[in-house]
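The sequence shown maps to residues 9 to 274 in the working numbering.
Right, one structure below, let's go through it.
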Amino acid sequence: MKAGFIQFNPEFGKIDTNMEKASALIRNAEADLLVLPELFNTGYLLTSREEAGSLAEEIPNGKTTAALGDIARERNVHIAAGLIERSGDKIFNSAVLVSPSGYRATYRKIHLFSEEKIWFDPGDAPFEVHDIGSCRVGIMICFDWFFPESMRILALKGADVVCHCANLVLPFCQEAMITRCLENQVFAVTANRTGAENRGGKFLRYTGRSQIAGPGGRILYRAGADDEEAGTAEFDHLSARNKSINRFNDLLKDRRSEFYADLVSP
Ligand code: ACM
9 MKAGFIQFNP EFGKIDTNME KASALIRNAE ADLLVLPELF NTGYLLTSRE
59 EAGSLAEEIP NGKTTAALGD IARERNVHIA AGLIERSGDK IFNSAVLVSP
109 SGYRATYRKI HLFSEEKIWF DPGDAPFEVH DIGSCRVGIM ICFDWFFPES
159 MRILALKGAD VVCHCANLVL PFCQEAMITR CLENQVFAVT ANRTGAENRG
209 GKFLRYTGRS QIAGPGGRIL YRAGADDEEA GTAEFDHLSA RNKSINRFND
259 LLKDRRSEFY ADLVSP
């Protein structure tokens with residue numbers, strides 16, 4: 009299968025412009041699965057929960073999910089993309105999964121980073137895996153990488169490919185994802201944004217270097233820090249289902265969960 013990311017520099021608050029820019033890059037790519045950054049249509053550096061609410065959309069009934077569905081149908085591709093979701097009086101940092109036949113699923117970011125705890129409600133549903141025909145995908149958003157449980161649960165639930173929508177500001181993630189892929193024997197597509205934002209007296213620079221990493225800790229493709237591009241790689245997703253490490257060890261069967269109870273105690 010072929011999977012990839014869209015890396016670009018969204019303009020804060022310009023939902024239509026950002027959708028058009030992302031669509032042009034999607035039209036440049038030939039892939040079964042494409043991952044877009046976290047909050048790809050709005051930008052990231054919010055100043056308040058009210059501002060987050062003013063840029064939020066319903067999923068699946070909002071215009072961004074509809075536009076993503078249209079382009080997924082046109083290009084015969086599955087797309088995972090980050091956006092602000094409004095659900096009743098809740099606001100989530102979410103990612104939507106669309107297929108060529110329309111809306112498939114929503115993931116609401118579970119591990120909120122820094123001031124996101126002011127802007128958003130924490131995700132209220134478990135990590136899930138979706139069979140999209142070409143492979144089985146799991147979704148996580150940016151800072152979820154800091155919690156190895158995120159990718160472990162997706163691997164335990166059978167993900168071949170983890171769609172990782174990101175707006176990375178710390179320098180560690182791209183290298184850490186090599187280990188996440190190694191320790192779970194899965195592929196991961198990290199779609200990061202580029203550029204910087206200066207709002208409300210705050211400044212953030214995003215690190216680009218979106219990447220596709222694979223089992224064995226291989227980087228299949230990595231973008232530059234500032235390039236706006238669709239980056240793709242072809243790989244055998246079925247290799248993620250072989251969890252054997254050597255003649256004696258199997259990644260999932262060798263887990264000693266009877267000694268892991270402290271992981272889930274409060
Ligand atoms: C992040 O979670 N956007 C750093």
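Glycine included, every Cβ here is placed at the ideal spot set by N, Cα and C.
As the structure is a computational prediction, the values presented were derived from the model and not from experiment.
- Those residues having their beta-carbon less than 5 Å away from any non-hydrogen atom of the ligand ACM are, in chain order, F121, C150, F151, N175.
- In this structure, P108 and N84 form a Cβ contact; the two beta carbons are roughly 5 Å apart against a cut-off of 8 Å.
- D24: member of the alpha helix (DSSP H) spanning 23 to 35, first to last residue.
- The beta carbon of K10 is closer than 6 Å to those of A39, D40, T240, E242 in its chain, skipping five residues each way along the sequence.
- If you keep only unbroken alpha helix (DSSP H) runs of at least 4 residues inside the region 88 to 138, you get 124 to 127.
- Judged by their CB atoms, L33 and G12 are not nearer to each other than the 7 Å cut-off.
- For A103, the CB contacts under 6 Å within the same chain, skipping 5 residues up- and downstream, are A88, G90, Y115, I147, I149, C173 in chain order.
- If you draw a straight line from the Cα of P179 to the Cα of T215, it is about 7 Å long.
- Here the alpha carbons of C181 and A75 stand approximately 30 Å from one another.
- Between the alpha carbons of E183 and G209 lies a gap of roughly 30 Å.
- Residue pairing by DSSP places K210 opposite R207 in a beta bridge.
- In summary, V272 is exposed, with fewer than 16 beta-carbon neighbours lying within 10 Å of its beta-carbon over all protein chains present.
- Here A204 is near R213, since their CB atoms are less than 7 Å apart.
- Taking 7 Å as the cut-off, the Cβ atoms of S252 and P223 do not count as close.
- In this model, R226 and D97 are separated by some 42 Å (Cα to Cα).
- Pairwise C-beta distances place the region 46 to 57 in contact with the region 124 to 136, as three or more of them are shorter than 8 Å.
- Nearest to G61 by C-alpha distance, out of N36, N101, G77, is N101.
- Following the DSSP letters along the chain, one finds I253 in no beta strand (DSSP E), marked with neither H nor E.
- In summary, G166 is exposed, with fewer than 16 beta-carbon neighbours lying within 10 Å of its beta-carbon over all protein chains present.
- Ranked by Cα distance from F195, the options T73, L162, L105, N254 are led by L162.
- Secondary structure note for I14: its beta strand (DSSP E) is the uninterrupted segment 10 to 15.
- Counting the other CB atoms within 10 Å of its CB gives S122 a total below 16, which places it among the exposed residues.
- Taken atom to atom, the span from the alpha-carbon of G110 to that of S31 is near 16 Å.
- Annotated three-state conformation of T240 is strand, per DSSP.
- Only residues of its own chain outside the window of five on either side were considered, and among them H172, A174, M185, S218, Q219 have a CB closer than 6 Å to the CB of T198, listed in chain order.
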